[in-house]
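Peer 1: In order, the protein sequences belong to chains A and B. In terms of the working numbering, the first sequence is residues 3 to 440. In terms of the working numbering, the second sequence is residues 3 to 440. Attaching a single structure in structure tokens format; questions to follow.
There are 2 protein chains.
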Amino acid sequence: MNIVLLSGGSGKRLWPLSNDVRSKQFIKIFKNEKGDYESMVQRVYRQIKTVDADATVTIATSKTQVSAIHNQLGEDVGVSVEPCRRDTFPAIALATAYLHDIQGIGMDEPVVVCPVDPYVKDDYFEALKALGEQAAKGEANLCLMGIEPTYPSEKYGYILPATKEQISVVDTFREKPEEETARAYIAQGALWNGGVFAYRLKYVLDKAHELIDFTDYADLFDKYETLTKISFDYAVVEKEPNIQVMRFAGEWKDLGTWNTLTEAMDEPTIGASVLNDTCNHVNVINELNVPIVCMGLKDVIVSASPEGILVSDREQSSYIKPIVDQIQQQIMFAEKSWGSFRVIDVDEASLTIKVTLNSGHSMNYHSHQRRDEIWNVISGEGTVTVDGMEQAVKAGDVVTMQAGCRHTIFAVTELKLIEVQLGEEISVHDKQKFELDA
Amino acid sequence: MNIVLLSGGSGKRLWPLSNDVRSKQFIKIFKNEKGDYESMVQRVYRQIKTVDADATVTIATSKTQVSAIHNQLGEDVGVSVEPCRRDTFPAIALATAYLHDIQGIGMDEPVVVCPVDPYVKDDYFEALKALGEQAAKGEANLCLMGIEPTYPSEKYGYILPATKEQISVVDTFREKPEEETARAYIAQGALWNGGVFAYRLKYVLDKAHELIDFTDYADLFDKYETLTKISFDYAVVEKEPNIQVMRFAGEWKDLGTWNTLTEAMDEPTIGASVLNDTCNHVNVINELNVPIVCMGLKDVIVSASPEGILVSDREQSSYIKPIVDQIQQQIMFAEKSWGSFRVIDVDEASLTIKVTLNSGHSMNYHSHQRRDEIWNVISGEGTVTVDGMEQAVKAGDVVTMQAGCRHTIFAVTELKLIEVQLGEEISVHDKQKFELDA
Chain A
3 MNIVLLSGGS GKRLWPLSND VRSKQFIKIF KNEKGDYESM VQRVYRQIKT
53 VDADATVTIA TSKTQVSAIH NQLGEDVGVS VEPCRRDTFP AIALATAYLH
103 DIQGIGMDEP VVVCPVDPYV KDDYFEALKA LGEQAAKGEA NLCLMGIEPT
153 YPSEKYGYIL PATKEQISVV DTFREKPEEE TARAYIAQGA LWNGGVFAYR
203 LKYVLDKAHE LIDFTDYADL FDKYETLTKI SFDYAVVEKE PNIQVMRFAG
253 EWKDLGTWNT LTEAMDEPTI GASVLNDTCN HVNVINELNV PIVCMGLKDV
303 IVSASPEGIL VSDREQSSYI KPIVDQIQQQ IMFAEKSWGS FRVIDVDEAS
353 LTIKVTLNSG HSMNYHSHQR RDEIWNVISG EGTVTVDGME QAVKAGDVVT
403 MQAGCRHTIF AVTELKLIEV QLGEEISVHD KQKFELDA
Chain B
3 MNIVLLSGGS GKRLWPLSND VRSKQFIKIF KNEKGDYESM VQRVYRQIKT
53 VDADATVTIA TSKTQVSAIH NQLGEDVGVS VEPCRRDTFP AIALATAYLH
103 DIQGIGMDEP VVVCPVDPYV KDDYFEALKA LGEQAAKGEA NLCLMGIEPT
153 YPSEKYGYIL PATKEQISVV DTFREKPEEE TARAYIAQGA LWNGGVFAYR
203 LKYVLDKAHE LIDFTDYADL FDKYETLTKI SFDYAVVEKE PNIQVMRFAG
253 EWKDLGTWNT LTEAMDEPTI GASVLNDTCN HVNVINELNV PIVCMGLKDV
303 IVSASPEGIL VSDREQSSYI KPIVDQIQQQ IMFAEKSWGS FRVIDVDEAS
353 LTIKVTLNSG HSMNYHSHQR RDEIWNVISG EGTVTVDGME QAVKAGDVVT
403 MQAGCRHTIF AVTELKLIEV QLGEEISVHD KQKFELDA
């Protein structure tokens with residue numbers, strides 16, 4: 003199976019765990035069989051590989067997520083990087099061109115496009131595989147997945163199939179309805195639109211060439227910024243008369259809010275916490291290294307990360323976005339392709355961060371105009387390069403770097419360091435990257 | 003006025019703001035007229051000095067609090083240090099000997115003893131002054147303050163005066179009663195026992211010599227550990243037939259729990275926080291530098307410090323002690339006589355702390371057996387001494403110290419540094435102090 007996972011933008015609906023640089027799909031919140039926590043993207047990737055070990059998985063996403071993807075999934079996963087956000091039609095067109103030109107997928111091979119964050123069991127990915135096989139037959143230009151509705155939701159679009167069979171021609175689509183209307187749709191046999199499309203590669207590549215003037219993947223990538231924002235639904239689905247839908251009756255959840263996310267947790271708490279026995283229906287997700295004590299709470303969600311602390315009534319938590327949009331907070335934590343960093347102290351003319359480099363990785367060779375830096379290696383072994391001079395380092399070693407000097411560090415083993423930044427104008431934008439001569 | 007403030011032990015009733023090294027009286031939670039936050043001990047000290055600029059204030063406390071007292075009140079305040087805790091009679095005897103032998107207070111001068119943490123207006127200290135003047139007259143051996151009760155509390159002892167006059171002979175005392183009994187006492191004209199005694203210095207010094215075999219303050223201090231634990235009430239008050247009580251009808255609150263403390267806050271929140279409009283009767287005290295967002299909460303107290311996070315129903319917060327007693331948490335923050343420190347990162351073989359030294363102060367000259375240390379100066383100017391060698395330092399300077407080497411730093415201006423500790427067995431007990439040759 004060739005599967006494209008659409009990895010959406012950053013969002014604050016799950017603040018403080020999600021922020022401008024960490025999307026919800028990267029939060030490690032689900033326990034896998036080994037007892038380790040995994041993120042939504044790790045869970046979905048693992049499930050796909052369980053169902054189809056040979057699956058070609060490509061993540062369509064913006065460049066801000068590339069580091070986190072490689073950090074969580076390793077280097078083998080394909081990534082179709084959108085230079086900027088242009089909605090789903092350009093994103094799917096780019097990913098399709100990437101599959102053809104870079105991954106060498108043939109014109110008649112099926113492609114399945116799916117959001118990166120459904121909370122499902124393995125049977126869902128079995129169904130995606132079947133959907134791809136159905137698309138390969140060419141009976142229809144597009145094959146969608148229709149989820150059997152469990153209640154008259156106002157959150158989803160609806161698909162009306164022509165028949166009640168497992169695979170049916172699509173009669174019509176309906177936008178997100180009011181509850182009463184949803185009830186009527188369901189009575190007519192409507193299915194939830196799960197945002198999944200399967201097609202033969204050629205179909206979308208042709209559509210892309212019809213609507214966009216480009217030669218190949220590289221050309222489309224280069225002119226991506228000039229493209230019009232348009233959704234795949236609007237550009238393709240609504241205009242296509244020949245669409246099939248395949249029913250799926252398994253478990254399917256969309257964990258976009260604190261309310262739904264916490265319902266899917268295996269245990270009520272993650273991280274250090276103590277709840278007294280007067281607490282009822284309380285979830286705690288604590289990414290800090292100090293405990294959270296809860297007493298006498300009912301239907302409350304508590305979440306703490308280096309970004310901040312949320313304490314919310316379960317139902318109110320759906321209305322978080324405008325509240326956290328008011329908060330001006332510098333990024334306190336980020337995952338990078340080479341590891342991660344966390345801000346541990348902010349002062350007037352200094353910033354102190356803890357950096358973890360994964361074994362075998364290094365950060366970019368770079369310099370800063372307006373700040374000096376000091377590296378205090380606290381664990382591991384590595385190699386530091388400063389202005390072209392290489393030096394082995396280990397725990398206890400200190401490296402000082404004046405503003406303007408070029409520097410990087412390569413981790414021979416996992417390496418951690420405390421970086422002290424000193425200057426009056428410390429900014430993430432004060433960074434020049436260089437090529438490191440081999 | 004000569005006033006002795008009894009500064010009680012550490013406690014966890016206000017965790018995470020109070021902990022094993024920070025007692026509740028040092029938490030900065032009250033806004034003074036300048037708009038700065040001050041602690042209970044700072045508020046009380048300021049009020050005493052407002053009422054009587056010449057007052058001799060002596061804090062009777064354990065050595066663990068001496069740093070915090072000097073840090074918050076400066077060097078002028080007298081401190082009678084109890085080498086260990088031996089309850090209130092030995093503490094008051096020691097403070098009284100300190101007043102006589104060290105401060106030179108005469109035998110006939112009055113002394114007022116008062117807890118360090120009443121939440122009161124200035125009129126309370128006017129009343130203490132009057133109480134001292136009453137004691138000086140010598141009409142009675144002890145003069146107590148009786149608070150006019152506002153409700154039949156079960157939390158306080160009661161004093162039954164012989165008459166309804168402002169100053170009366172005490173008829174009898176009653177232990178903390180049940181509510182019904184309290185109601186009956188109040189009907190009989192009983193007053194709350196506010197834990198305040200005034201006496202002529204000689205009276206308590208004589209009692210001390212009667213009950214303890216010692217020569218002077220230094221001798222009493224030396225044998226303090228051998229003394230029996232006994233309360234002043236039990237050793238003196240209950241056996242004394244000649245006691246007066248003076249009524250006080252002003253505002254008087256005992257802020258010992260989250261519930262009472264938050265009721266005394268001038269504004270519902272301290273520190274970075276956002277409460278949405280569905281919150282009702284919510285208090286937030288946030289000592290962290292990231293925001294707390296509260297949504298849809300009612301009657302909830304949220305408090306965050308480097309030690310941890312409390313989220314509690316207002317009423318439940320009274321039952322916090324057994325809950326936090328379960329928590330094994332290293333000290334994450336402490337005030338010292340020379341400044342303060344905060345743990346900012348804990349790893350397997352390293353600990354990183356931020357140290358702030360007040361201008362003109364230095365830490366002890368000391369060494370560690372089992373850890374190396376690195377100082378990264380991030381602001382200010384000072385002088386470092388390492389194994390007897392002195393060196394001026396400023397922001398950006400790095401000092402590395404191997405295990406065993408003796409070191410200290412003196413702050414010429416306020417000085418901040420990031421200290422990276424490296425070793426397999428990092429412990430606060432691994433510290434040897436030395437004299438620094440001038």
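A virtual CB, placed ideally from N, CA and C, is assigned to each residue, including glycine. Note that the structure is a prediction, hence the values are computed from the model and not measured.
1) Need the endpoints of the beta strand (DSSP E) that aspartate 173(B) sits in, please.
2) How about proline 308(B): is its C-beta nearer than 8 Å to some C-beta of chain A?
3) Would you kindly check if the distance between the Cβ of valine 198(A) and the Cβ of leucine 133(A) is under 8 Å?
4) Comparing alpha-carbon positions, which option in Gln330(B), Asp56(B), Phe234(B) and Ala95(B) lies nearest phenylalanine 216(B)?
5) Would you mind telling me which residues of chain B sit closer than 8 Å to glutamine 331(A), beta carbon to beta carbon, in chain order?
6) Determine, for lysine 131(A), whether the minimum Cβ-Cβ distance to residues of chain B falls below 8 Å.
7) Please report the residue range of the beta strand (DSSP E) in which tyrosine 121(B) lies.
8) Within the continuous alpha helix (DSSP H) that includes lysine 209(B), where are the two ends?
9) Rounded to whole angstroms, how far is the Cβ of valine 334(B) from the Cβ of glutamate 309(B), which I believe are closer than 8 Å?
10) With DSSP as the reference, label isoleucine 29(A) as helix, strand or coil.
11) Is threonine 415(B) near the ligand SAH, with its Cβ less than 7 Å from a heavy atom?
12) Comparing the C-beta of lysine 396(A) with each C-beta of chain B, is any distance below 8 Å?
13) Drop a sphere of 10 angstroms on the beta-carbon of tyrosine 153(B), count the other beta-carbons inside from all chains shown, and report buried for 16 or more, exposed for fewer.
14) Which residues, in chain order, does the stretch 261 to 288 of chain B contribute to contact with chain A at a C-beta distance below 7 Å?
15) Mapping the DSSP letters down to three states, classify leucine 290(B) as helix, strand or coil.
16) Of all the options Asp347(B), Ile329(B) and Gly362(B), which has the alpha carbon lying nearest to the alpha carbon of tryptophan 340(B)?
17) Please confirm if serine 339(B) has its CB atom under 8 Å from at least one CB of chain A.
18) Run down chain A in chain order and give the residues with a C-beta less than 8 Å from the C-beta of isoleucine 411(B).
19) Could you spell out the range, first to last residue, of the alpha helix (DSSP H) harbouring tyrosine 236(A)?
20) When DSSP labels each residue in this structure, what does tryptophan 340(A) get in the three-state scheme?
21) Determine which residues of the stretch 363 to 392 of chain A have a Cβ less than 8 Å from any Cβ of chain B, and write them out in chain order.
22) Using DSSP with H/G/I as helix, E/B as strand and the rest coil, what is glutamine 136(A)?
23) Alpha carbon to alpha carbon, what distance is there between serine 20(B) and proline 336(B)?
24) Is phenylalanine 91(A) closer than 8 Å to phenylalanine 223(A) when the C-beta atoms are compared?
25) Measuring CB atoms only, is the stretch 141 to 150 of chain A touching the stretch 237 to 250 of chain A, in the sense that at least three cross pairs come out at less than 8 Å?
26) Within 8 Å of any Cβ in chain A, is that where the Cβ of aspartate 124(B) sits?
27) Can you tell me where the alpha helix (DSSP H) holding asparagine 261(B) begins and where it ends?
28) Nearest CA to the CA of glutamine 393(B): which residue from Thr410(B), Ile188(B), Gln404(B) and Gln332(B)?
29) Going by beta-carbon coordinates alone, are alanine 70(A) and phenylalanine 28(A) separated by less than 8 Å?
30) By a C-beta neighbour count over all protein chains shown, 10 Å radius and 16 as the cutoff for buried, is valine 14(A) buried or exposed?
31) DSSP on glutamate 375(B), reduced to helix/strand/coil?
32) For valine 59(B), which residues in the same chain have their Cβ closer than 7 Å to its Cβ, ignoring the five residues on either side in sequence?
33) If we cut at 8 Å on Cβ distances, does isoleucine 29(B) have a partner in chain A?
34) Report the rounded CA-to-CA distance for histidine 211(B) versus tyrosine 219(B), giving the unit in angstroms.
35) Can you give the Cα-Cα distance for lysine 433(B) and lysine 36(B), rounded to whole angstroms?
36) Near serine 307(A), what residues of its chain come up, given a Cβ to Cβ distance below 6 Å and the 5 sequence neighbours on each side ignored?
Peer 2: Well, looking at it:
1) 169 to 176
2) yes
3) yes
4) Ala95(B)
5) Val292 and Pro293
6) no
7) 120 to 122
8) 203 to 213
9) Rather than valine, the amino acid found at residue 334(B) in this sequence is methionine. Their Cβ separation, rounded to whole angstroms, is 5 Å, which keeps methionine 334(B) and glutamate 309(B) in contact under 8 Å.
10) coil
11) Among the components of this structure there are no ligands whatsoever, and the ligand SAH is therefore not found.
12) no
13) exposed
14) Val276, Asn278 and Thr280
15) coil
16) Gly362(B)
17) no
18) Within chain A, no residue comes near isoleucine 411(B); the closest Cβ sits about 16 Å away, beyond 8 Å.
19) 234 to 237
20) coil
21) Asp374, Ile376, Asn378, Ile380 and Ser381
22) helix
23) Correcting the residue type first, residue 336(B) is alanine in the shown sequence and not proline. Between alanine 336(B) and serine 20(B), the C-alpha separation is close to 10 Å.
24) no
25) yes
26) no
27) 260 to 265
28) Thr410(B)
29) yes
30) Before going on, a small fix: residue 14(A) reads as lysine here, not valine. Classification for lysine 14(A): buried.
31) strand
32) Ile5, Leu7, Tyr47, Ile50, Val79 and Gly80
33) no
34) 11 Å
35) 40 Å
36) Pro18, Leu19 and Glu289
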